[in-house]
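Residue numbers (my numbering): 374 to 472.
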DNA sequence: AGGGTGACCCGCT
DNA sequence: CAGCGGGCCACCC
């Protein structure tokens, strides 16, 4: 399957804008982002935007699932966990222990 | 215009 | 408590 650039779309822009707001050591869920951009039911597409783009100007590693499990990551789940750990976020068995 | 994909979510079994 | 199924959305061919 091919990856496409969604970074040019208005939707993705909104998503990135919100994700950039997340401060170091903090996390947000896909659903929260969707809600923040005014589309509570677009959590699916939110994950898409992050996956397709994976910009480094956006801390996509701070975005996790609603149940606080790590979720996916383009560069590998391990990397995601590493980064989160580096920011002081504790992860237990693939799940976020504390915000 | 229709079908297929994906870093998801929720409820029911 | 874990697993399955159905339902959302945006985007590409």
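Cβ coordinates follow ideal geometry from the N, Cα and C atoms, glycine included.
Since the model is a prediction, treat every value here as computed from it, not as a measurement.
* With a floor of 4 residues, list each alpha helix (DSSP H) that falls wholly inside the region 403-466, ordered by position along the chain. => 403-409, 416-426 and 450-459
* Asked: From which residue to which residue does the alpha helix (DSSP H) around residue 387 run?
  -> 383-394
* Buried/exposed call for residue 413, threshold 16 Cβ in 10 Å -> exposed
* To do: Just tell me which of 440, 411 and 396 has its CA closest to the CA of residue 431.
  => 396
* Helix, strand or coil: which one does DSSP assign to residue 469? -> strand
* 7 angstroms CB neighbourhood of residue 453 in its chain, flanking five on each side removed -> 434, 443 and 446
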